[in-house]
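Structure first, commentary second.
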Amino acid sequence: MAVCARLCGVGQSRRAGRRQRQNQQGQGSDSRHGRGEEERIVGPEGGGGGGGPESGDATAGPSDACEYGSGPVRRGCTEHTGPPHPQSLADLPPELLVEIFSLLPGTALPNVALVCKKFKQMLNTETIWRRRCMEEFGMKDDLRKMEVGGVCSRDLYVKRVNPRVKSGRFMKLLPDYEHMDYRDVYTHLLHPYRHILGLWQPDIGPYGGLLNVVVDGLFIIGWMYLPPHDPRVEDPMRRRPLFRIHLWESKKATVECMYGHKGPHKGDIQTVKKDEFSTKCNQTDYHRMPGGRQEEFRTWLEEEWGRTLEEIFHEHMQELILMKFIYTSQYDNCLTYRRIYLPPVMPSDLLQPGLFKGTYGSHGLEIVMLSFHETSARATKLTGDPNVPAGQLTLDVDLTRPVVLPDLEQQRNIEELSRLVLGVHEEVQREAEQQAKGTLATGRSAAEAGCGGASAEEGMEADHGVCLDSCQPGPSTTTTSPPEPKPFVLPLGVMARNEVYPRTCRECFYGTGLIAGHGFTSPERTPGLFVLFDQDRFGFIWLELKSFSLYSRLTDHLAHAHAPNMERFEAMLRNMQSWTS
């Protein structure tokens, strides 16, 4: 009630307030000069025409003070007019209140409506809710003119007789937004489903995926991001809508499944727990095709790979493709998604972290997330395969161990490149063994020391000094300007899915890549060479496999996706690995 009284100006009665002001005036604490200056600012017109004993002064008299409502109330006044300056928030002009309320978060506006009747009426203003929709959810267009981008007309338009449509063969499969306002959109659509906006990884076994839930026009749409067709790694990503949410005339949010080839149909969304939700299709017959599984497979193959099975001559690749189709088809009616974040950006990063598309031999193109952790760069799979599933650390690069490439002639020799990289690999192993022995010796001496605190501390200090010497970081990767490009060529005998790769590079570093057998059996980290081409491309030479992977940055704008801090991001990475372990 105190807040309500303060906002609406409800408090003492007018007579009590006037008596209090008269008492304050009677104390006479202010000088005539200060009082006159105040009156001249408010009512300069009264400078020469006052009545009463002080009419000879160049200031407004008491009658003028009453007329203009300035200065203290005096006994000669017969009427009292309110002060020109508002005494409470409720006294502000309506347009100013609208501006103030537009700055408040939408979640606070219902509480504002409880203050008084005037505020409740003000909150029916479209400007307030339009601004909330724009600033909180990125809605940019006018409500009456919005369109949904990136969805084919078959998904958004249907033949339907409707008296409101006077031209055209098709009408939008949407409600009549003519009688819907921004408050409805915010209250019944955007706010209830705000928790599912952002990046998610679907739980599809080893294959994973990348889902981006965004406000798209008058819809909330879940877009599944698919890599370009192999081996065109530098082509833009492909998108496919999996579900959408919008309002009908009843102002109730409706969830529709977009999977299949018969248009949108009934679906459902459930929030499992924090940072996790699931979708369910209620009409799976929309996913089936007249030609049965064979027609569905041919259609899926053309969408997934951009070719027919007859055009894929490699028998092992055919088996992998058929296996993926059979496995992923089990998830066409129900899917669970877990939230993922984009890595935080630090000034010391070798290049801007983010999402990249990479070539993985017979498995085609996959999506990885590149992040930086002090002296290392790591690439984590968002999409995977039966050998190394999604969520696993595919590349681990040591930024303290740069590799200087020889001339072009020696770069073509795989033996020379292997000698350089394996030399660094052996050095890393020796240092790891020394550090492990030092840690073991420290623990043993501490146990034997028992109560001999002084000797134990001395031993710990000595071992710590040895560790510092052996773990000294290499040269810093932070430079004031990018290194000069150096000539680069792949060694003879190294297979590359894409023959068009950059012929210059900036820097090279020692790293390891994760390989495993089918079903993620016998996983091991194998040495390789990380090659930085530019800010949007890097590569990795797998020495043991004699293959080369090229990675190209995903340039799509991804809103609501950045991690709040590094601790939250690293916790997400650990959880991702546990999902597929």
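In the working numbering, each number is its position in the sequence shown, counted from 1, plus 270. Backbone N, C-alpha and C fix where the C-beta goes; we use that ideal spot for every residue, glycine too.
Helix, strand or coil at residue i [DSSP, three-state]
i           : result
residue 797 : strand
residue 437 : With a pLDDT of 42 at residue 437, under the threshold of 50, the modelled position of that residue is not reliable, and no figure is offered here.
residue 543 : strand
residue 425 : Summary for residue 425: the model assigns pLDDT 43, below 50, so the residue's position carries little reliability; its value from the coordinates is reported in the next sentence. In the structure shown, residue 425 sits in a helix (DSSP, three-state: H, G or I).
residue 522 : coil
residue 857 : Outside the displayed range of the chain (271 to 851) lies residue 857, so it cannot be described from this structure.
residue 831 : coil
residue 579 : helix
residue 530 : coil
residue 792 : strand
residue 620 : coil
residue 654 : coil
residue 634 : coil
residue 555 : helix
residue 384 : coil
residue 661 : coil
residue 804 : strand
Residue i - containing beta strand (DSSP E), residue span
i           : result
residue 811 : 807 to 812
residue 391 : From DSSP, residue 391 is part of no beta strand (DSSP E) but of the alpha helix (DSSP H) over 387 to 392.
residue 629 : 624 to 629
residue 486 : 481 to 486
residue 758 : Unbroken run through residue 758: none, as it is neither H nor E.
residue 818 : 817 to 823
First and last residue of the uninterrupted alpha helix (DSSP H) at residue i
i           : result
residue 562 : 562 to 575
residue 493 : Residue 493 -> not in any alpha helix (DSSP H); beta strand (DSSP E) instead, spanning 489 to 496.
residue 898 : Outside the displayed range of the chain (271 to 851) lies residue 898, so it cannot be described from this structure.
residue 400 : 396 to 407
residue 369 : 364 to 372
residue 504 : Note, residue 504: premise wrong, no alpha helix (DSSP H); not H, not E.
residue 680 : 678 to 681
residue 453 : 452 to 455
Residues that residue i bridges to, as DSSP identifies them
i           : result
residue 472 : 607
residue 516 : 524
residue 781 : 667 and 798
residue 642 : 647
residue 765 : 817
residue 550 : 538 and 604
residue 672 : 779
residue 774 : 757
residue 511 : 493
Distance between residue j and residue i (C-alpha atoms, nearest Å)
i           : j           : result
residue 407 : residue 609 : 18 Å
residue 528 : residue 536 : 9 Å
residue 830 : residue 693 : 44 Å
residue 484 : residue 680 : 50 Å
residue 575 : residue 633 : 11 Å
residue 486 : residue 547 : 20 Å
residue 566 : residue 588 : 16 Å
residue 646 : residue 775 : 19 Å
residue 530 : residue 817 : 37 Å
residue 361 : residue 401 : 23 Å
residue 625 : residue 381 : 41 Å
residue 842 : residue 664 : 16 Å
residue 489 : residue 792 : 45 Å
residue 345 : residue 357 : Only weak support exists for where residue 345 lies, its pLDDT of 42 falling under 50; the value from the coordinates is given anyway. In a straight line, the C-alpha of residue 345 is about 23 Å away from that of residue 357.
residue 650 : residue 659 : 10 Å
residue 336 : residue 355 : Low local confidence applies: a pLDDT of 39 at residue 336 is under 50, so the model's placement there is unreliable, with the coordinate-based value given in what follows. Roughly 15 Å separates the two Cα atoms.
residue 648 : residue 620 : 12 Å
residue 807 : residue 662 : 21 Å
residue 616 : residue 654 : 27 Å
residue 630 : residue 780 : 19 Å
residue 495 : residue 403 : 25 Å
residue 582 : residue 786 : 24 Å
residue 367 : residue 557 : 51 Å
residue 640 : residue 508 : 20 Å
Short Cβ contact (8 Å threshold) for residue i with residue j
i           : j           : result
residue 758 : residue 614 : no
residue 813 : residue 789 : no
residue 512 : residue 492 : yes
residue 652 : residue 393 : no
residue 832 : residue 611 : yes
residue 517 : residue 454 : yes
residue 458 : residue 541 : no
residue 497 : residue 627 : yes
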